[in-house]
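A.B. asks:
Number of protein chains: 2
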Amino acid sequence: MATPTPTRHRKRGHDPESVLSIAVGVFNERGYDGTSMEDLARALGVTKSAIYYHVPGKEQLLARALDRALDGLFELMADERAASGTAIERLEWVVRQSVRILVDRLPYVTLLLRVRGNSGTEQAALERRREFDRFIGRLVTEAAAEGDIRPDVDPALVTRLLFGAVTSISEWYQPARGASADDLADALLKMAFGGLRV
Amino acid sequence: MATPTPTRHRKRGHDPESVLSIAVGVFNERGYDGTSMEDLARALGVTKSAIYYHVPGKEQLLARALDRALDGLFELMADERAASGTAIERLEWVVRQSVRILVDRLPYVTLLLRVRGNSGTEQAALERRREFDRFIGRLVTEAAAEGDIRPDVDPALVTRLLFGAVTSISEWYQPARGASADDLADALLKMAFGGLRV
DNA sequence: GTCTACTGACCGAATGTTCGGTAAACACTT
DNA sequence: AAGTGTTTACCGAACATTCGGTCAGTAGAC
Numbered sequence: 038m039a040t041p042t043p044t045r046h047r048k049r050g051h052d053p054e055s056v057l058s059i060a061v062g063v064f065n066e067r068g069y070d071g072t073s074m075e076d077l078a079r080a081l082g083v084t085k086s087a088i089y090y091h092v093p094g095k096e097q098l099l100a101r102a103l104d105r106a107l108d109g110l111f112e113l114m115a116d117e118r119a120a121s122g123t124a125i126e127r128l129e130w131v132v133r134q135s136v137r138i139l140v141d142r143l144p145y146v147t148l149l150l151r152v153r154g155n156s157g158t159e160q161a162a163l164e165r166r167r168e169f170d171r172f173i174g175r176l177v178t179e180a181a182a183e184g185d186i187r188p189d190v191d192p193a194l195v196t197r198l199l200f201g202a203v204t205s206i207s208e209w210y211q212p213a214r215g216a217s218a219d220d221l222a223d224a225l226l227k228m229a230f231g232g233l234r235v
Numbered sequence: 038m039a040t041p042t043p044t045r046h047r048k049r050g051h052d053p054e055s056v057l058s059i060a061v062g063v064f065n066e067r068g069y070d071g072t073s074m075e076d077l078a079r080a081l082g083v084t085k086s087a088i089y090y091h092v093p094g095k096e097q098l099l100a101r102a103l104d105r106a107l108d109g110l111f112e113l114m115a116d117e118r119a120a121s122g123t124a125i126e127r128l129e130w131v132v133r134q135s136v137r138i139l140v141d142r143l144p145y146v147t148l149l150l151r152v153r154g155n156s157g158t159e160q161a162a163l164e165r166r167r168e169f170d171r172f173i174g175r176l177v178t179e180a181a182a183e184g185d186i187r188p189d190v191d192p193a194l195v196t197r198l199l200f201g202a203v204t205s206i207s208e209w210y211q212p213a214r215g216a217s218a219d220d221l222a223d224a225l226l227k228m229a230f231g232g233l234r235v
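Residue numbers (the working numbering), protein chains in the order written: chain P, 38 to 235; chain D, 38 to 235.
1) Return the chain-ordered ranges of every alpha helix (DSSP H) run that is complete within the region 105 to 178 of chain D and spans a minimum of 4 residues.
2) Look at L149/D and R166/D and say whether their C-beta atoms are less than 8 Å apart.
3) Of the residues that make up the region 44 to 75 of chain D, which ones have a beta carbon closer than 9 Å to any beta carbon in chain P?
4) Can you tell me where the alpha helix (DSSP H) holding G215/P begins and where it ends?
5) Tell me, to the nearest whole angstrom, how far the beta carbon of I186/P is from that of V146/D; I am working on the premise that it is less than 8 Å.
6) Distance check for G174/D and S58/P, CA to CA, integer angstroms please.
7) Between L176/D, V177/D, L163/D and L198/D, which lies nearest to L103/D when the distance is taken from Cα to Cα?
8) Along the chain, where does the alpha helix (DSSP H) that runs through M228/D open and close?
9) Is it the case that the Cβ atoms of G201/D and A202/P are separated by a distance below 8 Å?
10) Between D219/P and chain D, is there a C-beta pair that is closer than 8 Å?
11) Step through the CB atoms of chain D and report whether any lies within less than 8 Å of the CB of G122/P.
12) For the pair the region 130 to 141 of chain P and the region 68 to 81 of chain P, tell me if three or more CB-CB distances fall below 8 Å.
13) Counting C-beta neighbours from all protein chains within 10 Å, is the total for P144/P 16 or more, i.e. buried, or is it exposed?
14) For R118/D, count neighbouring Cβ atoms within 10 angstroms of its own Cβ and tell me buried if that reaches 16, exposed if not.
15) So which of V140/P, D220/P, S156/P and S55/P has the shortest CA-CA distance to L110/P?
16) If you run the structure through DSSP and keep just helix, strand and coil, what is R187/D?
17) Taking C-beta to C-beta, are A115/D and D191/P nearer than 8 Å?
18) List, in order along the chain, the chain P residues whose C-beta lies closer than 8 Å to that of V20/D?
19) What residues of chain D sit near R153/P, judged by a beta carbon separation below 8 Å?
20) Residues of chain P with CB closer than 9 Å to the CB of R175/D, please, in chain order.
21) Is the CB of A216/D under 8 Å away from at least one CB in chain P?
22) Quick check: V92/P and V56/P, are their CB atoms within less than 8 Å of each other?
23) So, for T72/P: in the same chain, excluding its five sequence neighbours on each side, which residues have a beta-carbon less than 6 Å away from its beta-carbon?
24) Mind listing the chain P neighbours of S135/D? Cutoff is C-beta to C-beta under 8 Å, in chain order.
25) Taking only the alpha-carbon atoms, compute the straight-line gap between P53/P and Y90/D and give it to the nearest angstrom.
26) Counting only C-beta atoms, is W130/D closer than 8 Å to chain P at any point?
27) Is the separation between the beta-carbon of K227/D and that of D189/P shorter than 8 Å?
28) Determine the direct distance from the alpha carbon of G94/D to that of G157/P, and round the result to whole angstroms.
29) Does the beta-carbon of A32/P have 16 or more other beta-carbons within 10 angstroms, so that it is buried, or is it exposed?
30) Give a yes or no on whether the C-beta atoms belonging to G231/D and G232/P are separated by under 8 Å.
31) Have a look at the DSSP bridge pairing and note the partners of R234/D.
32) Mind pulling the chain P residues with CB within less than 9 Å of I186/D?
33) Indicate whether R142/D and A106/D have their beta-carbon atoms separated by less than 8 Å.
34) Distance check for L221/P and T84/P, CA to CA, integer angstroms please.
35) Can you list the alpha helix (DSSP H) stretches of 4 or more residues lying completely in the region 57 to 81 of chain P, in chain order?
Structure representation (structure tokens):
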């Protein structure tokens with residue numbers, strides 16, 4: 038009942054969406070530059086040229102995937118819960134939501150986190166990502182100014198390390214194996230905010 | 038006085054060592070697969086073919102660089118200080134030393150952390166890296182069993198998150214800009230072991 | 001008969017690597 | 001000091017292969 042007749046008529050096969058999701062999977066396995074259109078064709082079960090019927094090219098696939106990750110992060114920034122309450126409360130909420138977006142859009146965020154700026158597409162994505170990083174940096178600095186973060190550590194360092202732990206999730210998390218986004222966020226916040234030592 | 042006449046006679050130019058260090062720099066900028074031998078030649082100030090006078094090929098450059106990172110981590114595991122004392126003390130020491138190796142061999146470790154297993158060389162490096170990861174996992178589990186880590190978080194999750202923060206350092210650390218390896222380790226251990234909240 | 005979703009043949013450019021040649025620096029003899 | 005031979009460190013051209021991408025043609029659903 039969910040999608041009885043999605044479009045008028047279809048011969049069964051691929052559409053831009055399924056091509057994208059499979060392509061992103063291969064990009065994450067072999068790296069974007071290490072993936073050839075031949076690799077994608079093999080994963081899709083069609084020939085190289087069939088891909089160009091659905092999408093304009095390799096770099097457009099990358100651009101669409103990166104936007105999917107970045108749009109999630111920017112929606113997070115625009116949420117009013119990221120702007121009300123004490124800085125430490127907002128920071129905790131933002132960390133939790135970041136983990137949720139990372140888990141919900143795992144392959145897309147994973148791809149984003151590996152971008153190095155080799156093309157215009159990648160540089161544009163990097164610039165949007167840096168905007169998110171600056172947003173986090175401001176939150177940590179505010180929380181420190183409000184006296185809710187221990188004063189003997191540099192806020193800039195804390196920002197990097199805290200979100201280093203968050204982004205590392207994309208490198209080892211396996212959704213099939215139990216833990217939910219909330220489990221991850223709980224463990225992360227307990228460690229980073231409360232400390233591991235008993 | 039350091040190197041008056043390193044070898045008998047030399048016309049000034051490159052050697053395998055300088056080629057490696059420059060190549061690793063370019064690999065980290067553009068990614069290994071995104072780097073062509075032409076890119077390397079440009080960075081070295083020679084033509085493509087000159088590179089093959091000093092090193093056997095692109096993949097050998099990668100292999101040598103990855104070994105340089107992995108050898109550091111394996112020396113750490115073999116140190117007796119990683120085997121004496123309580124588990125939490127050993128864990129703290131290993132985290133601190135890992136940060137030091139990461140900083141000392143920054144470009145090599147950075148390259149290692151981005152390997153995805155695209156070739157035999159990469160798969161071999163990944164396997165050695167996993168051995169180090171298992172070593173860390175055992176340390177955390179022991180510390181939890183000895184009651185020195187809060188019991189309300191999964192040791193496997195803690196391992197990943199803690200070393201996620203460590204490895205993230207390679208993605209943002211700039212040696213020129215102040216912080217030393219000890220500064221990084223101090224901030225990391227304060228956050229992860231003591232907690233950020235005052 | 002028309003549209004969808006492809007295939008297969010092909011293109012020019014870029015890839016990692018090899019090879020023949022060579023100018024300069026050195027060692028050795030005279 | 002001059003001449004000879006060898007080694008070092010490279011260049012330029014070419015190699016086969018792979019790359020991302022194009023295009024004419026077509027089988028099958030409507």
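For every residue, glycine included, the Cβ atom is placed at its ideal position computed from N, Cα and C.
C.D. replies: According to the structure shown:
1) With a minimum length of 4 residues, the continuous alpha helix (DSSP H) runs that stay inside the region 105 to 178 of chain D are 124 to 141 and 143 to 150.
2) Between L149/D and R166/D, the gap from beta carbon to beta carbon is short of 8 Å.
3) Residues passing the 9 Å Cβ filter: N65, E66, R67, G68, Y69, D70, G71 and T72.
4) Looking at the DSSP string, G215/P is not in any alpha helix (DSSP H), and its letter there is neither H nor E.
5) The distance from the Cβ of I186/P to that of V146/D is about 29 Å, inconsistent with a contact at the 8 Å cut-off.
6) Cα to Cα, S58/P sits roughly 32 Å from G174/D.
7) Closest option to L103/D, Cα to Cα, is L163/D.
8) Element bounds for M228/D: n/a, residue is neither H nor E.
9) Yes, the pair counts as a contact, with Cβ atoms nearer than the cut-off.
10) Chain D, which has no Cβ nearer than 8 Å to the Cβ of D219/P, makes this no.
11) Not an interface residue.
12) Contact between the region 130 to 141 of chain P and the region 68 to 81 of chain P is absent, because fewer than three Cβ pairs lie under 8 Å.
13) Around the beta-carbon of P144/P, 16 or more other beta-carbon atoms lie within 10 Å, marking it buried.
14) Exposed: under 16 other Cβ atoms inside 10 Å.
15) Closest option to L110/P, Cα to Cα, is V140/P.
16) Taken through DSSP and simplified to helix, strand or coil, R187/D comes out as coil.
17) Not a contact, by the Cβ cut-off of 8 Å.
18) Absent from the model: residue 20/D. The displayed extent of chain D is 38 to 235, so no value can be given.
19) By Cβ distance, chain D contributes E66, R67, G68 and G71.
20) By Cβ distance, chain P contributes nothing, its closest Cβ being about 16 Å from R175/D, past 9 Å.
21) Judged by the 8 Å Cβ criterion, A216/D is in contact with chain P.
22) Remark: C-beta atoms of V92/P and V56/P approach each other more closely than 8 Å.
23) For T72/P, the CB contacts under 6 Å within the same chain, skipping 5 residues up- and downstream, are V63 and F64 in chain order.
24) Chain P residues near S135/D: none, gap ~13 Å exceeds 8 Å.
25) Cα to Cα, P53/P sits roughly 47 Å from Y90/D.
26) Taking CB atoms only, W130/D has no neighbour in chain P less than 8 Å away.
27) D189/P is positioned such that its CB atom lies closer than 8 Å to that of K227/D.
28) G157/P and G94/D have their C-alpha atoms roughly 29 Å apart.
29) Since the displayed chain P opens at 38 and closes at 235, residue 32/P lies outside it and no answer follows.
30) Contact flag set, yes.
31) DSSP, once it has assigned bridges, lists I186/P as partnering R234/D.
32) Per Cβ cutoff of 9 Å: L233, R234 and V235.
33) In this structure, A106/D lies closer than 8 Å to R142/D by Cβ.
34) C-alpha separation (whole angstroms): 40 Å.
35) Those alpha helix (DSSP H) runs which fall completely within the region 57 to 81 of chain P and span 4+ residues are 74 to 81.
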